[in-house]
Amino acid sequence: MNAEGWKRIELKGDIPKEGWGLRGCLLNDKFYVFTGRQMDYSSNFELRSIDVKTGDCEQIELNLNLDSRYVYSVFSHKDTIYLFGGSTEANILKHNTVTKKTELVNTNLQECFFDATVINYKESVYIFGGAQTQGGGYTNKIHKFNFESDEWVELETQGDPPSPRVSAIIVKACRSNIGKQNGFICFGGKNENGEREQGTYFFDIEKNIWETYEINGTPPHVRTGHSGFYHERTEKFYIMDGWNGNSPFQDLHTFDIDQRSWEKIKTGNKPEPRVSSAYFWDNENEKYYIFGGYVSGSKYLNDFWCWDLSLPLIVKELNELPRYYGVGSADQIDPEDLIEESSFFKFRVSNGKTNNQEKLIDTMSNFSNTTQTLLMYYFYTGIINNISLFKENLDSIKKFAKNFEFPHLLNILNQEENCFTKSVDKLKTDLIKFYDEESSKDFTIIVDEVEILVHKDILIAFSELYRDMFYTIDEEENTVKEASKRKPKSIKALIEFFYTRDIIDMEFDIAVDLLDAVQYYGLNINSPITSLNIKKLKTTMDLKLKESILKKAKDLNLTELLDYYNY
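Residue numbers for the sequence shown follow this note's numbering, so the first one is 576 and each next one is one higher.
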């Protein structure tokens, strides 16, 4: 596997200072950074925000002098940022990002929990480990925070916990092979003797039980000050960077929680190695943010990076097809049924050789239901989320990919570099070829007596409106009269975009028509079609541009278009 998708975000304005012991969190597209220790080992306590879309930075006035604190814990709840503990104090700083109100609140804990690890889980926050004072008193306790009372509750745990430690990494996770067991994974850290700890642990949050994992593969070297996150879609735990006692690591590892197996990943265009950074995992958008940190000697950083692990929009949209057909549901659908029902599945598995279909289906039927489901999703989207789920079938799947001439699938199974990008590129190419395959188009849209042929699968994948319609009409229905008042050429342009992600002859009135269609047809507002419309409207200073267009741009929050015309 290769770590593609890293991007440096250029910062401007009141950029946060470099340092170590940094902490941060994300709220409403803003990454909030609390500064740590400076190069001269002084602490200059500040809070600054970074707009993750624009890179604009702003200093937040707190009107509090907390310069003596560092290596604290930061978390958020609703619109409020919380800072707890650190080098000297056990109270909590609360800053409301909406009202701008800041206050210090005393808690029921006397210990400052220096260099502890904090975890957001559902509507609660947990803190693990840390030193009860800056000088010592290391702990392996877990406390849960009550947002109503601003108090901590110590959990009574069982099992085999990690040793007392500071500077560990602990993230929420889920074990799917035992019925979606929720909890935390813990790795690394340093004990009171200054020794860096090995071992991978799981904490069952429902039962409050610790478990030590018997590990497959080669685990990362022991370390402190590392960062990481749990990726729900692939069910993998990532760690990176950290300190080995002399210098930071420049590596990236992933842990498959079901297989209990560590794997080292090629780093690609990864940020410079560092330790004790501010980082945050945006689970909803599948993006990982990291700011600053310490390198070595007198070198500190204040750069800002984003690692985008989300699926491309086109893949997310095509994911709707297997869901529509019930792939992976309790009543496992047969690939042979999809050959009969789904034109896009039939097109993708044929690989240009229709005589192979029967043999291909027979071969797939010998695999487990899980493997069949993964393969069927692959043929729709070109993506396999978790190769380890193939388990003992992996060699057979590779043979399958080779025999039926699916080199892109073989690249994924062999975890070749850039295989993700190449698979998405092939998917886009195949959609364009599918657009030209007139004989397999199985649905007709009638607009002002004009018939527009299309594949039913394409409407299901890319339009929420049509997808909902197909859930309600008879399967035999193959014609619909367009209910909207849009012109035939606008609907043709929309259909063309579904296949090609482009509109060759984008006229002004089509752009105006389709800007409104984004909401009507249930399209993703971030779809490239919105950019196409904006580009056309910005380059066509036409008198037809009326107040209604600007209103629609405002409704959709299309600031790029609003700023262009509101000069």
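Glycine included, each C-beta is placed from N, C-alpha and C at the ideal position.
Predicted, not measured: the structure shown is a model, and the values here were computed from it.
Rounded Cβ spacing between residue i and residue j (contact assumed at less than 8 Å)
i, j, result
"Met1044", "Val1055", "7 Å"
"Gly588", "Gly867", "The pair is not a contact, with the Cβ atoms about 16 Å apart (cut-off 8 Å)."
"Val741", "Tyr713", "6 Å"
"Asn783", "Glu731", "6 Å"
"Gly599", "Tyr854", "7 Å"
"Phe920", "Phe954", "6 Å"
"Gly1144", "Glu1039", "Missing from the structure shown is residue 1144; the chain here goes from 576 to 1142 and no further."
"Leu886", "Ile962", "Actually they do not touch by this definition, with Cβ atoms about 16 Å apart."
Collapsed DSSP secondary structure at residue i in the structure displayed
i, result
"Glu585", "coil"
"Asp690", "coil"
"Ile590", "coil"
"Ile889", "helix"
"Trp595", "strand"
"His670", "strand"
"Gly580", "coil"
"Ser699", "strand"
"Glu933", "helix"
"Phe722", "coil"
"Gln907", "coil"
"Lys782", "coil"
"Phe620", "coil"
"Thr938", "helix"
"Asp1080", "coil"
"Leu913", "helix"
"Thr1047", "helix"
"Arg1042", "helix"
"Ile753", "Residue placement at Ile753 is flagged as unreliable, the pLDDT there being 45, under the threshold of 50; a coordinate-derived value is accordingly withheld."
"Lys605", "strand"
"Ile656", "strand"
Check whether residue i and residue j have beta carbons under 9 Å apart
i, j, result
"Leu602", "Thr610", "no"
"Gly903", "Tyr952", "yes"
"Phe688", "Ser648", "yes"
"Tyr869", "Gly800", "yes"
"Ile1020", "Ile1066", "yes"
"Asn819", "Val797", "yes"
"Leu884", "Tyr864", "no"
"Ile744", "Gly764", "yes"
"Ile790", "Arg835", "yes"
"Ser802", "Val646", "no"
"Cys881", "Trp581", "yes"
"Glu1052", "Lys1064", "no"
"Ile814", "Phe762", "yes"
"Ser1059", "Tyr1010", "no"
"Tyr776", "Thr793", "no"
"Asn941", "Ser971", "yes"
"Glu686", "Gly705", "yes"
"Lys966", "Val1022", "no"
"Lys1003", "Ile889", "yes"
"Asn894", "Phe979", "no"
"Phe722", "Ile702", "no"
"Pro910", "Asp878", "no"
First and last residue of the uninterrupted alpha helix (DSSP H) at residue i
i, result
"Leu964", "Where Leu964 is concerned, there is no enclosing alpha helix (DSSP H), given that its DSSP letter is neither H nor E."
"Ala1036", "1031-1037"
"Lys921", "918-925"
"Ile1066", "1063-1075"
"Gln947", "944-956"
"Tyr899", "895-899"
Residue i - containing beta strand (DSSP E), residue span
i, result
"Val1093", "Careful: Val1093 lies outside any beta strand (DSSP E), inside the alpha helix (DSSP H) at 1083-1095."
"Asn757", "756-762"
"Ile1021", "1018-1022"
"Glu980", "Here Glu980 belongs to no beta strand (DSSP E), and DSSP marks it neither H nor E."
"Gly665", "Sequence check: residue 665 is Ala here, not Gly. Where Ala665 is concerned, there is no enclosing beta strand (DSSP E), given that its DSSP letter is neither H nor E."
"Ala706", "706-708"
"Thr677", "677-680"
"Val649", "648-652"
"Gly792", "Counting along the chain, Gly792 falls outside any beta strand (DSSP E), and DSSP gives it neither H nor E."
"Tyr713", "711-713"
Residue-chain proximity (residue i, chain C), Cβ-Cβ < 9 Å
i, result
"Lys697", "Within the model displayed, chain C is absent; a lone protein chain is all it includes."
For this session: Go through the region 800-884 residue by residue and report every complete run of the beta strand (DSSP E) that reaches 3 residues or more, in order.
Result: If we require 3 residues or more, the beta strand (DSSP E) runs fully inside the region 800-884 come out as 802-806, 811-815, 827-831, 836-839, 853-857, 862-871, 874-883.
Problem set entry | Start-end ranges of the alpha helix (DSSP H) lying completely within the region 987-1014, minimum 4 residues | Here the runs fully enclosed are 994-1010.
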